[in-house]
Amino acid sequence: MVTLSGSRSLVVQLEREGTKVIFGMPGGANLPIYDELGRSNIIRSILVRHEQLAAHMADGFARVSRKPGVCMATSGPGATNLVTGIATAYMDSIPMVAITGQVASTAIGRDAFQECDIVGVATPVTKYAFQPMKSSEIPLVVRKAFYIASSGRPGPVLIDIPKDVQTSEAETEFPSSIKIRGYEPVIRPSEEEIRRAVELVLSAERPMILAGGGVAISGAFSELQALSEMLMIPVATTFKGKGVFNETHPLALGPIGMHGHIEANKLILEADVLLAVGTRFSDRSTGKVSEFAKDSKVIHIDIDPSEINKNKEVDLGIVGDIKVALQMMVEEVKTRARNHDLKSWNKHFTEVKEYCKNKFAKDMTRMSAVSLLKTLREHLPSETIVTTEVGQCQMWASLHFDVIEPGTFLSSTGLGTMGFGFPAAIGAKVAAPDRPVLDIAGDGSFNMTEAGLATAVLDNIPVIVVVINNGMLGMVAQWQRLFYGRRYNGVKLYNLPDFVKLAEAYRAQGLRAQSLEEFSKALKLGLKSDVATVIDVPISPEEDVFPFVVPGTALKDMIIA
58 MVTLSGSRSL VVQLEREGTK VIFGMPGGAN LPIYDELGRS NIIRSILVRH
108 EQLAAHMADG FARVSRKPGV CMATSGPGAT NLVTGIATAY MDSIPMVAIT
158 GQVASTAIGR DAFQECDIVG VATPVTKYAF QPMKSSEIPL VVRKAFYIAS
208 SGRPGPVLID IPKDVQTSEA ETEFPSSIKI RGYEPVIRPS EEEIRRAVEL
258 VLSAERPMIL AGGGVAISGA FSELQALSEM LMIPVATTFK GKGVFNETHP
308 LALGPIGMHG HIEANKLILE ADVLLAVGTR FSDRSTGKVS EFAKDSKVIH
358 IDIDPSEINK NKEVDLGIVG DIKVALQMMV EEVKTRARNH DLKSWNKHFT
408 EVKEYCKNKF AKDMTRMSAV SLLKTLREHL PSETIVTTEV GQCQMWASLH
458 FDVIEPGTFL SSTGLGTMGF GFPAAIGAKV AAPDRPVLDI AGDGSFNMTE
508 AGLATAVLDN IPVIVVVINN GMLGMVAQWQ RLFYGRRYNG VKLYNLPDFV
558 KLAEAYRAQG LRAQSLEEFS KALKLGLKSD VATVIDVPIS PEEDVFPFVV
608 PGTALKDMII A
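All residue numbers for the sequence shown refer to the numbering used here, where the first residue is 58 and numbers rise by one.
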């Protein structure tokens with residue numbers, strides 16, 4: 058037991074949790090914490106220009122490091138500015154610890170200056186929210202927060218600390234272990250259920266795997282590939298699962314869904330057994346859920362028991378960690394004799410893939426979003442971490458940018474947060490400083506968080522942003538073209554600001570490319586640069602994203618062009 062202030066015990070426990078970086082902004086209600094952070098020789102404090110960026114940076118850091126990202130804000134508007142980023146992490150099951158300052162405990166409930174019940178606000182979008190009222194409670198609260206955030210189905214946890222709790226001193230003990238009553242995530246699935254799953258898969262004539270974001274969260278990349286290759290089963294993914302399986306692999310079909318790959322949307326409807334791992338059967342993946350896999354026997358594996366039969370009634374639900382479950386399935390398959398092969402199914406899906414590739418090939422000679430992304434893939438090293446913004450740029454990336462190395466594609470999928478990609482790229486680069494990191498952006502999304510350029514420049518975080526610039530809120534404009542008689546309202550951005558000049562104003566590198574040749578040269582400069590680079594690429598405002606499954610319709614109703 059030692060006598061410490063609450064802010065000091067917070068920093069010490071963060072160090073004990075292995076925290077190396079915190080993204081945030083100081084204010085009146087968290088100044089004691091920032092004062093202690095300034096004395097730490099372990100934790101790097103990265104200043105943001107808006108708290109939403111701090112949460113997205115922590116999110117990107119967590120996805121790459123596979124450890125909880127930490128962000129911090131003051132009370133009131135500082136805390137509420139974190140909420141969009143916290144909700145983004147919650148929807149995508151990303152481990153995060155958000156720490157907010159609060160007015161003094163004696164002022165809570167009195168409408169004090171910059172008071173906000175952030176625990177009440179954030180509770181629906183966190184796994185748990187703490188508000189320690191004694192400084193001696195802080196180490197245990199922090200220990201619990203990191204454990205909850207990173208175990209089971211990961212997610213964000215909030216710690217809201219009143220200012221007087223930060224400054225008061227007390228005898229403090231630092232816990233070495235933790236156990237939370239009533240919270241015991243299931244890690245190892247039932248062996249009997251795994252045997253039944255293997256029996257179903259081995260009895261199938263047209264089996265398919267649908268891999269979701271849970272594969273990335275559990276790091277089950279090699280296990281997924283091993284199972285697929287052992288049985289020669291094709292792998293489709295959800296958009297959240299994009300990149301968990303090498304998309305240049307012969308068995309890869311790419312993402313299904315609203316803007317899924319044509320071959321993936323077609324073939325998944327032909328499967329007689331569907332092994333769905335780490336997916337929640339979201340509406341953007343399934344289309345009209347009653348029509349999705351209605352002729353398949355569906356096996357669903359997920360670490361969150363509440364997801365089983367929530368959106369899709371399944372034939373066999375298995376609760377457990379995806380990595381462990383797939384390891385068990387691989388071992389079980391090794392013990393089984395296989396009485397039939399899948400040559401006809403293999404031949405069929407290979408032919409469908411080849412047909413779609415040739416039938417719907419795009420013109421790669423002119424500048425377009427499609428040719429831009431194909432060129433990007435040609436020039437980027439396979440280990441490059443790619444983030445995306447939200448909208449057309451995101452869906453073009455889903456369709457036309459093949460992920461080679463698993464776990465290198467990051468996007469806001471559940472909440473669909475515009476402005477996510479750039480700060481997430483900064484967080485990813487902090488987690489992996491020796492790897493190239495690039496954000497595929499739209500002009501609308503990049504406008505929302507471009508202030509991150511200040512952080513990228515001043516903290517020496519040289520990420521690249523490729524702005525696919527159509528002067529529009531592109532996806533909304535596409536819907537207005539398709540469903541509202543081309544009556545544009547509130548979508549024209551008039552090519553403001555000038556992104557090259559904006560980058561230069563932040564002392565970053567600003568480049569513009571108006572041809573594929575110019576883009577290739579700009580990309581090479583960006584990869585060599587020791588400062589952040591923004592590449593502005595103008596394209597036609599009329600370019601749409603296809604294929605497209607209209608909301609409320611089934612995958613079979615996909616509009617191809």
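Just so it is clear, CB atoms sit at the ideal spot from N, CA and C, and this is done for glycine as well.
Mapping the DSSP letters down to three states, classify D496 as helix, strand or coil. strand
Nearest by alpha-carbon distance to I79: which of F458, R423, K124 and R538 is it? K124
Should V390 and V557 be called a contact, given that it needs their Cβ atoms to be closer than 7 Å? V557 sits away from V390, with the two beta carbons spaced by 7 Å or more.
Note down the Cα distance separating L429 from G583, rounded to an integer number of angstroms. 15 Å
Report the residue from M190, F540, A309 and P312 whose alpha carbon sits nearest the alpha carbon of V226. The residue asked about is misnamed: residue 226 is Glu in this sequence, not Val. Nearest option by C-alpha distance: M190.
Collapsed DSSP secondary structure at R434 in the structure displayed: helix
Which residue from I521, Y545 and V522 puts its Cα closest to that of M532? Y545
Does the pairing of the region 150–160 with the region 207–225 give three or more beta-carbon distances under 8 Å? yes
Between the C-alpha atoms of L267 and K297, what's the straight-line distance to the nearest angstrom? 11 Å
Please identify the residue among T224, A179, E249 and A488 whose C-alpha is closest to the C-alpha of I216. Nearest of T224, A179, E249 and A488 to I216, Cα basis: A179.
Give me whichever residues DSSP pairs with N526 in a beta bridge. N526 pairs with P595.
Which partner residues does Q223 have in the DSSP bridge list? In DSSP, Q223 forms no bridge with anything.
With distances taken Cα to Cα, identify the nearest neighbour of G448 among L373, L472 and L94. L472
Just to confirm my understanding: we take Q451, look at its own chain, exclude 5 residues before and 5 after, and list those with CB closer than 7 Å. What are they? T445 and S468
Relative to the C-alpha of G239, which residue among I205, E249, V222 and S260 is closest? I205
Using a Cβ-Cβ cutoff of less than 6 Å, which residues in the same chain neighbour I375 once the five nearest sequence positions on both sides are dropped? P246, E250 and I358
List, from N- to C-terminal side, the alpha helix (DSSP H) runs of 4 residues or more that fit wholly inside the region 563–588. 573–585
According to DSSP, what are the bridge partners of R101? V78
Measuring CA to CA, which of A144, R101, A169 and W536 is closest to P181? A144
Can you list, in chain order, the residues of its chain whose CB lies under 6 Å from that of P219, leaving out five sequence neighbours each side? Q159, A161 and S162
Can you give me the C-alpha to C-alpha distance between V330 and L259, rounded to a whole angstrom? 9 Å
Less than 7 Å between the C-beta atoms of T336 and G269, yes or no? yes
Helix, strand or coil for I216? Go by DSSP, reduced to three states. Per DSSP, reduced to three states, the secondary structure at I216 is strand.
Buried or exposed for K486, going by 16 or more other Cβ atoms inside 10 Å? buried
Would you kindly report the start and end of the unbroken alpha helix (DSSP H) that includes S275? Element bounds for S275: G270 to S275.
Selection from S285, E348, F338 and V381 that minimises the alpha carbon distance to S363: F338
Taking all protein chains shown into account, do 16 or more other C-beta atoms lie within 10 angstroms of the C-beta of T441, making it buried, or fewer, making it exposed? buried
Have a look at V548 and G84 and give me their C-alpha separation to the nearest angstrom. 35 Å
Starting from A350, follow its DSSP beta bridges and name the residues at the other end. In the DSSP output, where bridge partners are listed per residue, A350 has none listed.
Beta-carbon separation of V121 and A488 under 7 Å? Yes. Within cutoff.
I'd like to know whether the C-beta atoms of S353 and A328 end up nearer to each other than 7 Å. Taking 7 Å as the cut-off, the beta carbon of S353 is found closer than this to the beta carbon of A328.
Local conformation of C173 per DSSP, three classes: coil
If you draw a straight line from the alpha carbon of I313 to that of R341, how long is it in whole angstroms? 9 Å
Can you name the start and end residues of the beta strand (DSSP E) that S62 belongs to? S62 -> beta strand (DSSP E) spans V59 to S62.
Cβ shell of L550 (< 8 Å), same chain only, five flanking positions each side left out: The beta carbon of L550 lies closer than 8 Å to those of D500, G501, N504, G528, M529 and L530 in the same chain, with the five residues before and after it left out.
Answer with buried or exposed for Q571, where buried requires no fewer than 16 other C-beta atoms within 10 angstroms of its C-beta. exposed
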